[in-house]
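Asker: Take 539 as the starting number for the sequence shown in my numbering and just add one per residue.
Below is a structure I'd like to ask you about.
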Amino acid sequence: MSKEQAYKMVTEALHQCTVEDSHHMAVVVIVDTEKETVKVYGLNIDESDVPLLLVEAAGEVGEKFLEKKKRVLQ
539 MSKEQAYKMV TEALHQCTVE DSHHMAVVVI VDTEKETVKV YGLNIDESDV PLLLVEAAGE
599 VGEKFLEKKK RVLQ
């Protein structure tokens, strides 16, 4: 996927969070490796829910990675 395609997908997904009475939420993580900073933005989500959502997302990504790795090794 190109940067342009990824950007388009992200902006479309973020737009879903801005519609009136939307049931979509988003958490965006921006990393600046030069300044060594991380910024986390929540959209349509309570600030206190952001850490749990990030942990759950990391768990899902980790599981998918491990499943893929197992298939490659078999």
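For each residue, glycine too, the CB sits at the ideal point set by N, CA and C.
1. Secondary structure at Lys687, three-state DSSP: helix, strand or coil?
2. What is the residue span of the alpha helix (DSSP H) that Val588 lies within?
3. Output the distance between the C-alpha atoms of Gln554 and Gly580, rounded to the nearest integer angstrom.
4. Which first and last residues belong to the beta strand (DSSP E) in which Val565 is found?
Answerer: Concretely, from the data shown:
1. Residue numbering for the chain in the displayed model covers 539 to 612; residue 687 lies beyond these limits and cannot be assessed.
2. Working through the sequence shown from its first residue, we reach residue 588 at position 50. First-last of the alpha helix (DSSP H) with Val588: 588–611.
3. Numbered from its first residue, the sequence shown carries residue 554 at position 16. Numbered from its first residue, the sequence shown carries residue 580 at position 42. The alpha-carbon atoms of Gln554 and Gly580 are separated by roughly 13 Å.
4. Start at 1 with the first residue of the sequence shown, and residue 565 comes out as number 27. Val565 -> beta strand (DSSP E) spans 564–570.
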